[in-house]
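**Student:**
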Amino acid sequence: MTQSNITKARVLALVEAYGGDPARWPDAEREAAVALLSGDRDLARAADEARHLDMMLDALPVPQPNPALRVALKDIPERGNPLLALIAGWVGLWRPAAGLAAAAVLGIVIGAANPELPLPGFQSTTTAVVAQATGDTDTYSLAAASAVGFATQDTF
Amino acid sequence: MPRVADGDSAAFRLLVDRHADRLLGFAQRMLGDRATAEDVVQDTYLSLWRKAGDWTPQARVSTWLYRVARNAALDRLRRLKPTVDPEDVTLIDSGPAPDRGLHDAATADKVRTALDALPERQRAAIVLVHYEGLSGADASAALDISVEALESLLARGRRTLRQALADQRAELLGEVR
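Protein sequence lines correspond, in order, to chains A and B. So the working numbering is basically just the index in the first sequence, starting at one, shifted up by 1272. So the working numbering is basically just the index in the second sequence, starting at one, shifted up by 549.
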């Protein structure tokens, strides 16, 4: 925008929006606006008022950088990897199911490694039924006692 | 940005070095609270790492980051408002620094209060243009509005600030003259 086609209203609008420092005004309009302002008392007064507000706004202290924050931010790629976050979310969701599955596998492994391990109740009852059917009274009595919870050596 | 989108952590760290301090200043001036401002900057860079692919070459990186930071600050403001008493919010640097007089500190307090009282959009516009030194074009892009709308926000915000700081202005003029 050239000096000839910028208006007083536009310069006033620039002052009201961007303040009294021409450095903040849009590059394309700055030169023309400054030229018009320098010859106009109303505009000069408006710019003066705006500069007072600028000075008050500048009383607010400049926020200080935080080096520790920078360090933490630079660490984000390590802890903020989207793939890792996805896996972490999946693990969080399936943790209970994974725990159950692990317990089941452990049970199968222990069972396979110890075929003689007694399984209270089921084994005794099954053995008792088989013994009863085959007429093996000794086994039937022992198995039946075991199935209902008696210690064989105490009873027999 | 395309390198960051590809998972290049060195490129990411470069953007931390280039923009983190200014984003912290922006967030602190928007929120008036240092700790929350730091959280906002963390949110911003987490978004950068996760969503760098959303960036388009039409937007400047700084503008994109300011936009993300402003949205993060808005989220924090919404969460803070119902529970935090403004009296309890610690205003960092609001006390007199060793090289500042009591009058400066009082003015800073008044400015902080007046800024906090502005509608968020007006405050964001003033912080971006006056404090962060963004051009009208960049600030309007960061706020996702037209330059005309930005200038309207700026003018209304400055008018309100001028009224709120009228007493301080009289004191300031007394000192200047």
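We put the CB at the ideal spot given by N, CA and C, even for glycine.
Grouping DSSP H, G and I as helix and E and B as strand, with all else coil, what is methionine 1328(A)?
**Tutor:** Residue state, collapsed to three classes: helix.
**Student:** Contact criterion: CB-CB distance below 8 Å. Does tryptophan 613(B) meet it with respect to chain A?
**Tutor:** no
**Student:** Chain B partners of alanine 1344(A), CB-CB under 8 Å?
**Tutor:** Within chain B, the residues near alanine 1344(A) are Gln591.
**Student:** Using CA atoms only, rank isn't needed, just tell me which of Trp1297(A), Arg1317(A) and Met1328(A) is closest to leucine 664(B).
**Tutor:** When each option's Cα is compared against that of leucine 664(B), the closest is Met1328(A).
**Student:** Would you mind telling me which residues of chain B sit closer than 7 Å to leucine 1315(A), beta carbon to beta carbon, in chain order?
**Tutor:** Ordered by position in chain B, no residue passes the 7 Å Cβ test against leucine 1315(A), which lies about 15 Å from the chain.
**Student:** Applying the 10 Å Cβ sphere with the 16-neighbour rule, what's the burial state of glutamine 712(B)?
**Tutor:** exposed
**Student:** Is serine 684(B) helix, strand or coil when you go by DSSP?
**Tutor:** Of the three classes helix, strand and coil, the one that applies to serine 684(B) here is coil, per DSSP.
**Student:** Confirm, please, whether the CB-CB distance from alanine 601(B) to alanine 554(B) is below 8 Å.
**Tutor:** yes
**Student:** May I have the straight-line CA-CA distance separating alanine 586(B) from asparagine 1277(A), to the nearest angstrom?
**Tutor:** Spanning the alpha carbons of alanine 586(B) and asparagine 1277(A) requires a straight line of approximately 44 Å.
**Student:** Within the chosen definition, does the segment 1299-1312 of chain A reach the segment 1326-1341 of chain A through at least 3 CB pairs nearer than 8 Å?
**Tutor:** no
**Student:** Measure the alpha-carbon distance for aspartate 603(B) versus glycine 581(B) and round it to whole angstroms.
**Tutor:** 29 Å
**Student:** Short of 6 Å in beta carbon distance, which residues of its chain neighbour tyrosine 615(B), apart from the five on each side in sequence? Order them along the chain.
**Tutor:** Ala691
**Student:** Skipping 5 residues on each side, what residues in its chain have a beta carbon closer than 7 Å to that of proline 623(B)?
**Tutor:** It is leucine, not proline, that sits at residue 623(B) in the sequence shown. So the list reads Glu669, once near-sequence residues are dropped.
**Student:** Within the 8 Å Cβ cut-off, does glycine 602(B) reach chain A?
**Tutor:** no
**Student:** For isoleucine 1278(A) and chain B, any beta-carbon pair shorter than 8 Å?
**Tutor:** Under the 8 Å criterion on CB atoms, isoleucine 1278(A) is classed as non-interfacial with respect to chain B.
**Student:** How about glycine 1291(A): is its C-beta nearer than 8 Å to some C-beta of chain B?
**Tutor:** yes
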